[in-house]
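**Q**
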Amino acid sequence: MFGSRRPKRKLLIIPLLRFSHGVSFEDQVLVIREKLAELYESEQQWSRAAQMLSGMDLDSTMRVIDDTLRLSKCVQIARLYLEDDDAVNAEAFINKASFLVSNSQHEVLNLQYKVCYARILDLKRKFLEAALRYYDISHIEKLQIGDELIDEEALEQALSAVVSCTILVAAVESPRVSLLRIVMAQDLLGVASSASVDGSIHTANRPLVLNISE
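Positions 1 to 214 (the UniProt record's numbering) are the ones given, in order, by the sequence shown.
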C-alpha cells in the first residue's frame, strides 16, 4: 500500500541529513521536512509527521518568519499529535501557540487553536473545562470565514462533546468538588441538551475534527 511512497521518503531523508547542520540550507530543510511530513500524514503516521514538522527551526535569526506561520505550524503539529491522542506533546505546541494566538487576526487558525485546546483538556480528563471550550466552539456564529467554509457537522460534534464531558464531570470529580462546579456542570448540560434537535442526549464517540473547505 505504501510501497510507492517509501522511495520518495528515502530521496528526501538523504538531503535532509546532509543539510540539517548547514545554516545556508535552512530554506531547503524546511521544504524537505514539510514534504516528509506530508508523506507520513498520507500514511496516517501522525506522530512521525508531527515530529518531522517539530524539527523545523521557526525561531531562527537567519530568516524572517512571521507569527502567523509560527502559529500555523504549532497548531498543525498539535493537531497531528491529537490524531494519536497524544495530549502531552500536543499541549507543548498549543502552549507555544498561546503566545501567538492573542495577537492573531487569522480567524481559521484561531478556531483550530480552540479545537485543539478543548481536545487536550478532554484527553487530560479536565471535563468541565473541556465542556466550556466545546460549548464556545459550538456557538460560532459565522459558518464562513473569508473563502473558507466551516462544516456544520463539526459544530454539532462540539455540542455533543459538551454533553459527554458534562456527564463525565460527575464520574471523575471528588465528592468534595465545590458546589459551584456542580451547578456549572448541570447548567451546561441543560443548555446543551435543550439545544439538540430531539431533546435527547447523544455522547460523542469520536474526536472533534474541524473541517474547513475552500
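Note that the Cβ used here is the ideal one computed from N, Cα and C, for glycine as well. Given the structure is predicted, the values throughout are model-derived calculations rather than measurements.
(1) Can you find at least 3 beta carbon pairs, one from the stretch 90 to 103 and one from the stretch 134 to 145, that sit closer than 8 Å?
(2) Between the C-alpha atoms of R125 and A78, what's the straight-line distance to the nearest angstrom?
(3) If the criterion is Cβ atoms closer than 8 Å, does the pair K35 and M56 meet it?
(4) Is E141 helix, strand or coil when you go by DSSP?
(5) Is I65 helix, strand or coil by DSSP?
(6) Candidates F127, A49 and A37: which alpha carbon is nearest S164's?
(7) Hey, quick one: how far does the beta strand (DSSP E) through L149 stretch, first residue to last?
(8) From this set, A131, E83 and E148, which residue's C-alpha is nearest A170's C-alpha?
(9) Of the residues Q112, A37, A49 and D27, which one's Cα is nearest the Cα of R133?
(10) Rounded to a whole number of angstroms, what is the C-alpha to C-alpha distance between D27 and E41?
(11) V88: which of I32, R119, H106 and E148 sits nearest, CA to CA?
(12) Return helix, strand or coil for Q44, following the three-state DSSP convention.
(13) When the Cα atoms are used, what is the spatial distance from D86 to S47?
(14) Let's see if you can read the secondary structure: which residues bound the alpha helix (DSSP H) around K96?
(15) Can you name, in chain order, every residue of its own chain whose Cβ lies under 6 Å from the Cβ of A49, other than the five neighbours on each side?
(16) Starting from R119, trace the alpha helix (DSSP H) in both directions and tell me its first and last residue.
(17) Once DSSP output is grouped into helix, strand and coil, what is the label at F52?
(18) Please classify D66 as buried or exposed, where buried requires at least 16 other C-beta atoms within 10 Å of its C-beta.
**A** This is what the structure holds:
(1) no
(2) 18 Å
(3) no
(4) coil
(5) coil
(6) F127
(7) E148 to I150
(8) A131
(9) Q112
(10) 21 Å
(11) R119
(12) coil
(13) 8 Å
(14) A87 to V101
(15) A37, Y40, E41 and L80
(16) E107 to L123
(17) In the sequence on display, residue 52 carries Met and not Phe. The answer is helix: DSSP assigns M52 an H, G or I state.
(18) exposed
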